[in-house]
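Visitor: Pasting in a structure now, in structure tokens, and then I'll have a few things to ask.
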Amino acid sequence: MVSALARKALRDLGRLRSQAIAIALVVASGVATLVMSQSTWRSLELTRARFYADYAFADMWAAVKRAPETLAARLAAIDGVQAVETRLVAPATLRVPGFADPVRAVVQSLPVAGAPVLDRLYLRRGRLPAPNARDEAVLSDAFADAHRYRPGDRIQAIVHGRSQWFRVVGVASSPEYVYQIRPGSAFPDFKRFAILWTSRRGLEAALDMDGAFNTVALRLRPGVPAAAVAQRVDALLARYGGIGAYARDEQLSHRYLESELRQLAVMALLFPAIFLGVSAFLLNVVLTRLVGAQRGQVAVLKAVGYTDVDVARHYLGIVALIAAGGALLGVAGGAWLGHWMAGVYRDFFRFPFLDYRVGADVVASGLGVSLGATFAGTLQAVFGAMRLPPAEAMRPPAPERYRALLAERLGLQRWFAPTTRMILRQLERHPFKALLTVVGLALGCSIMMVGRFQNDAIDYLTQVEFYVGQHYDIAVDFTEPTARAALFELGALPGVTAVEPYRAVGVRLRHRARSYRTAIEGLPANGRLRTPMDVALRPVALPPDGLLLDAYLARMLGVRVGDVVDVDVLEGRRRTLLLRVAGTVDEYLGARAYMRLDTLDRALGDGALVSGAWLGAEPARQGAVMDALERRPRVAGMGERMASLRSFLDTMAESILVFTLVTLLLGGLINFGVVYNTARIALSERSRELATMRVLGFTEREVGAVLLGELGLLVLAAVPLGFAAGALLCWGMATAMQSDLMRIPVHFTSGTYAIAALATLAAAALSAAAVYRRVARLDLLAVLKAQE
Amino acid sequence: MSTGSPELVFRARGLTKVYRMGEVEVHALRGVDLDLHGGELVVLLGPSGSGKSTLLNILGGLDVPTAGQVWYHGEDLTAAGARALTRFRRTHVGFVFQFYNLIPSLTARENVALVTDIAEAPMTPEEALALVGLGERLDHFPAQLSGGEQQRVAIARAVAKRPAVLLCDEPTGALDSPTGVRVLEVIERVNAELGTTTVVITHNADIARMAHRVLRMADGRIASSEANPTRTPARELSW
Ligand SMILES: Nc1ncnc2c1ncn2[C@@H]1O[C@H](COP(=O)(O)OP(=O)(O)OP(=O)(O)O)[C@@H](O)[C@H]1O
Ligand SMILES: [Mg+2]
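So the sequence lines, in the order shown, correspond to chains A and B. Each residue of the first sequence is one higher than the last, beginning at 1 in the UniProt record's numbering. Each residue of the second sequence is one higher than the last, beginning at 1 in the UniProt record's numbering.
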């Protein structure tokens, strides 16, 4: 048996249905973003944990120049080390028929006997190379997919300056390369980067490394502090050219994955918070109005003996139904979106599997948070109903006080038509209500700004990093630091118009208790092809002495200009230098330090060496220059400046577009909800007044203008506020998501402002039109007869 | 005080109610002493603003006095908290208001069920509506009923829980004479058949003829209290 009070709740809800649906949709958006991001985040974390565990992701790695295999036993004997696997790793270039760009690759050896113990491969197709087969290789899956390589195909690689053909026997991914990104690159590029796993014997021969290794992976006993082990490893490897052991927190793929997960976590908090906040606000508005209109009914309920708690439960029940409806829709929508997003991530990160699951706890938190938020939003109105003294409530609310407008008091009234005066007085009489509406609309507008933010940020970052700061056409890396003379050869290649050398050296920067592993780039004093910049995009001159630090790095280390940092050089003579911070630069990608090339050479004390060079090339001859470069033994690889970026943008284009559309939709939903509810409430509160106007001979259009004109003004006021809120929101997101890998610039194009403004106006217009139809249907007699 | 048991239902002493509106103080009640006995039908007359509604609200536990005390069967209502007052209203009091105050979203039957849902030994809504002669209109919404019919639903709602007290604030104020008479007949019948102590506020001196006793209020005080030597049945009233 449904009680009479429950029936009343259901009927009230029925009468409010279009408003309830609008609110439920906003609740649904909040819950959907929550479920989507939480479930994706959890799924990724679980998947990562499982992949790492099942495929024995190592705990520590160290690179050396060349160490004898016998050292492996001594590494294994270090206290806390559980397993050791030595490897050969070398840069390479691949030739892909029909694909003009050079493909950079890492060739990595597999253990002599059987499958790897650490960083085991997940074979998607095919098999591992036979132990003695020198020409068999397993190819990384992202690259294989991008170029449609399958087991049985042959592929040409240039390793150590020598061309070599491999037969692809398998396609795999590895916990070491979940994020398949080329070292030194900012974005993954599946078409231009590959990992090639091949037999140890074959690679030993190719690299002249018989009985030696240049990389070691270690598994530590659980709970052993990595720093202590790293120190012992470094001590053992130092004389063989070790450049410092590093743990997972400095492993490239792991770091990217980690920072991506952190961004997801930020999203998982931010978006639901906004949507649920807005829905709480909307419910507050609607319920306050409902309780206000039902004062008499509340009084009757209390007069006949219902308690305050019964009354509260009654109204909360209405709210709970709206919230629950929205939440269920949101869970379904969120699961659907999450499934899509997990798919995007699965392509982006090369997990062999991705268990996408919407856990019961995620669903529960979605329901709980939405109910909590909506209850919080309606508490005020419900308390109001509870506090209504039964006798007091028998009287209708006191007539509202009117007063002359500010503008009228100033003597400007002759400029206003009577209907305009009605609009303005209404606004002046309810400034707080108006403010809430403006805030709600501004939030909707700000969400749309967030939707375009990613797009704009990437655009701007591209502009800055690739057009303003870099002017070269081709980047060349040498296999090892090389005498400067090599530059003349490069300059002599036909088509090359400019050559500038650079030297990159791996270092660990220390300041007090903080340290960070990065590279110092030595640049020529008056270079043109590569210029570090400050916030205002002005080139920063390289100081004759000392370091230029990236500003984010300086903050991480807690140093200011003028401070001295300890620099452990991780290669060559492995000196420890004391360098003064001479200035900072602002970059969006990575966290590096710069020095003048000659100063760096002097500090390192091993002569004038270069790690690579930037070339300017005649556009028409760029291909020929690259062909020529490829045949040089010392050239480890080269890249055309824009190619990687373009391909990254292609990869991202779809997901960015979807994200933008989804946020536009969600922001529009908020605005629709706000305008629709505000207008409906205004309509019912003022129906008597509006009907009277109609009786007096005003047209539908004039009456509609009085009702909606006020809203129009509020929408116009909300747009600039929305811009500000959006900028603030994006700034907050950018700050929460920043890492040493990437800082996200907060910079909007005028298109973004235009889209946010237009979409806000469109959503408002749509809902206004829906309400306007009701003005036409105002039942004049019924409205005037009705007892309030 | 010619009929009914001598049992004292309400006893009020020195009831004062002051409304403070900014600087101005409005004295709605200025020391009201009152005894109401079981089964009595009392009509309360008085000019507008004399404090009739205020007194009725305090008796019914809708409001509390600024000073003075009310006892219901010896229980001090002025000492009771909001919770106890709610319980008091729920079990003992039925209200009828000038503007009916039906819940517009509920049918006649459901409006009555609103009360029978929470009462201890109520009639069924159907019985209560039959009592007021609306057994045929059970499933009609308030908007589909005339004013008199709505008021009868309100009375059915008030008496369905078999209250000890029925308090009516201008029950016929919004009705024409024949319709008002029908409503008064129902009140009279409830008073007679269920022995419900009844107070009816009205501006209409004619209605006083149906009472056991007539109280006149003026300026926040009870000006007079007269027992009717002969009562006129409601059916014979007209104005
Ligand atoms: N909530 C209130 N705030 C201020 N003054 C009030 C309030 N309620 C009643 N009053 C005042 O108290 C006095 C008595 O009011 P009450 O409603 O009891 O009169 P009444 O006799 O019922 O009048 P009527 O016949 O017009 O209904 C009036 O002067 C009224 O203005
Ligand atoms: Mg009154």
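Using N, Cα and C, we set each Cβ at its ideal position, and we do this for glycine too.
(1) Just how far apart, CA to CA, sit Phe-723/A and Leu-758/A?
(2) Ligand 2 and Asp-169/B: does any heavy atom of the ligand fall closer than 7 Å to the residue's C-beta?
(3) For ligand 2, I want to know if Lys-52/B counts as a neighbour, meaning its beta carbon is within less than 7 Å of at least one of the ligand's heavy atoms.
(4) In the structure shown, what three-state DSSP assignment does Ala-776/A receive?
(5) Counting only beta-carbon separations shorter than 8 Å, does Ser-105/B have a partner in chain A?
(6) Can you tell me where the beta strand (DSSP E) with Ala-67/A in it begins and where it stops?
(7) So what does Asp-568/A bridge to, in DSSP terms?
(8) Run the proximity test for Met-422/A: is its beta-carbon closer than 7 Å to any non-hydrogen atom belonging to ligand 1?
(9) Determine which residues share a DSSP beta bridge with Cys-168/B and list them.
(10) What does DSSP give as the partner residue(s) for His-37/B in the beta ladder?
(11) Measure the Cβ-Cβ separation of Gly-499/A and Gln-38/A and say whether it is below 8 Å.
(12) Excluding the five sequence neighbours on either side, which residues of its own chain have a C-beta within less than 6 Å of the C-beta of Val-535/A, listed in chain order?
(13) In three-state terms, what does DSSP make of Pro-619/A?
(14) Does Glu-788/A pass the burial test, meaning 16 or more other C-beta atoms within 10 Å, or should it be called exposed?
(15) Over what stretch of residues does the beta strand (DSSP E) that includes Trp-71/B continue unbroken?
(16) Let me make sure I understand the geometry here. Which of Pro-619/A, Phe-432/A, Met-386/A, Gln-380/A has the alpha-carbon closest to that of Thr-86/B?
(17) May I ask you to check if the CB of Val-26/B is nearer than 7 Å to at least one heavy atom of ligand 1?
(18) For a minimum of 4 consecutive residues, which ranges assigned as the alpha helix (DSSP H) are wholly contained in the region 105-136 of chain B?
(19) For Gln-297/A, return the contacting residues in chain B, with the cut-off set at a CB-CB distance below 7 Å.
(20) Ordered along the chain, which non-local residues of its own chain (more than five positions away) have a Cβ less than 6 Å from that of His-147/A?
(21) Just list the alpha helix (DSSP H) runs in the region 68-118 of chain A, keeping only unbroken ones of 4 residues or longer that don't cross its boundaries, in chain order.
(22) Could you tell me which chain A residues have their CB closer than 8 Å to the CB of Glu-110/B, listed as they occur along the chain?
(23) Mind listing which residues of the region 185-200 of chain B have their C-beta closer than 9 Å to chain A's C-betas, in chain order?
(24) Out of curiosity, what's the CA-to-CA distance linking Asp-76/B and Gly-38/B?
(25) Kindly indicate if chain B contains any beta-carbon less than 8 Å away from that of Pro-389/A.
(26) Distance check for Phe-99/B and Ala-786/A, CA to CA, integer angstroms please.
(27) Between the region 298-313 of chain A and chain B, which residues of the former have a C-beta closer than 9 Å to a C-beta of the latter?
(28) On a Cα-Cα basis, can you pick out the residue from Arg-452/A, Pro-543/A, Gly-590/A, Leu-649/A that is closest to Leu-729/A?
(29) Helix, strand or coil, according to DSSP, for Ala-382/A in the structure here?
(30) Among all the DSSP beta bridges, which residues are the ones paired with Val-496/A?
(31) Please report the residue range of the alpha helix (DSSP H) in which Leu-56/B lies.
(32) Should Gly-296/A be counted as a contact of ligand 1 given a C-beta to heavy atom distance under 7 Å?
(33) Would Arg-15/A count as contacting chain B if we go by Cβ distances under 8 Å?
(34) Does DSSP put Asn-671/A in a helix, a strand or coil?
(35) Just checking Gly-46/B against ligand 1 - is the residue's beta carbon closer than 7 Å to any of the ligand's heavy atoms?
(36) Would you report the Cα separation of Arg-374/A and Ser-50/B, rounded to the nearest angstrom?
Guide: If we stick to the structure as given:
(1) The straight-line gap from Cα to Cα measures roughly 12 Å.
(2) For ligand 2, at least one heavy atom lies less than 7 Å from the Cβ of Asp-169/B.
(3) Yes; taking the cut-off as 7 Å, the Cβ of Lys-52/B has a heavy atom of ligand 2 nearer than that.
(4) In the structure shown, Ala-776/A falls within a helical segment according to DSSP collapsed to helix, strand and coil.
(5) Yes - at least one Cβ of chain A is within 8 Å of the one on Ser-105/B.
(6) Its beta strand (DSSP E) spans residues 60-68.
(7) Listed as beta-bridge partners of Asp-568/A by DSSP are Arg-508/A, Thr-576/A.
(8) Within the chosen limit of 7 Å, ligand 1 does not reach the beta carbon of Met-422/A with any heavy atom.
(9) Paired residues: Val-96/B, Val-200/B.
(10) Leu-8/B, per the DSSP bridge assignment.
(11) The sequence as given places Val at residue 499/A; Gly does not occur at that position. In this structure, Val-499/A keeps its C-beta atom at 8 Å or more from the C-beta atom of Gln-38/A.
(12) Once the five neighbours on either side are set aside, the close Cβ partners of Val-535/A are Asp-586.
(13) In the three-state scheme derived from DSSP, where H, G and I count as helix and E and B as strand, Pro-619/A is classed as helix.
(14) For Glu-788/A, the pLDDT reaches just 41, beneath the cut-off of 50, and the residue's location in the model is therefore unreliable, leaving the point undetermined.
(15) Per DSSP, Trp-71/B belongs to the beta strand (DSSP E) from 67-72.
(16) Here the closest residue by C-alpha is Met-386/A.
(17) Placement of the Cβ of Val-26/B at a distance of less than 7 Å from at least one heavy atom of ligand 1 is found.
(18) The region 105-136 of chain B is shown to contain whole alpha helix (DSSP H) runs of 4 or more residues at 108-116, 125-131, in chain order.
(19) Within chain B, the residues near Gln-297/A are Ile-103.
(20) Answer for His-147/A: Val-96, listed in chain order.
(21) Scanning the region 68-118 of chain A for uninterrupted alpha helix (DSSP H) segments of 4 residues or longer gives 71-76, listed from N- to C-terminal end.
(22) Annotation: Cβ neighbours of Glu-110/B in chain A (cutoff 8 Å, chain order): Ala-4, Arg-7, Lys-8.
(23) Those would be none; no residue qualifies.
(24) Distance between the alpha carbons of Asp-76/B and Gly-38/B: 17 Å.
(25) At least one chain B Cβ lies under 8 Å of Pro-389/A.
(26) Because the pLDDT of Ala-786/A is 48, which lies under 50, any placement of that residue in the model is unreliable, and the number read from its coordinates should be weighed accordingly. Spanning the alpha carbons of Ala-786/A and Phe-99/B requires a straight line of approximately 12 Å.
(27) Residues passing the 9 Å Cβ filter: Ala-299, Val-300, Leu-301, Lys-302, Ala-303, Val-304, Gly-305, Tyr-306, Thr-307, Asp-308, Asp-310.
(28) When Arg-452/A, Pro-543/A, Gly-590/A, Leu-649/A are compared, the shortest CA-CA separation from Leu-729/A is found for Arg-452/A.
(29) Per the sequence shown, residue 382/A should be read as Val rather than Ala. Val-382/A: helix per DSSP, three-state reduction.
(30) DSSP lists Ala-617/A as the beta-bridge partner residues of Val-496/A.
(31) Leu-56/B -> alpha helix (DSSP H) spans 52-59.
(32) Outside the cutoff, so no.
(33) Interface annotation, Arg-15/A: in contact with chain B, CB-CB separation under 8 Å.
(34) Look at Asn-671/A here: in three-state DSSP terms it is helix.
(35) Yes, Cβ of Gly-46/B sits closer than 7 Å to a heavy atom of ligand 1.
(36) Note on identity: in this sequence residue 374/A is Thr, with Arg being the wrong assignment. One C-alpha to the other measures close to 45 Å.
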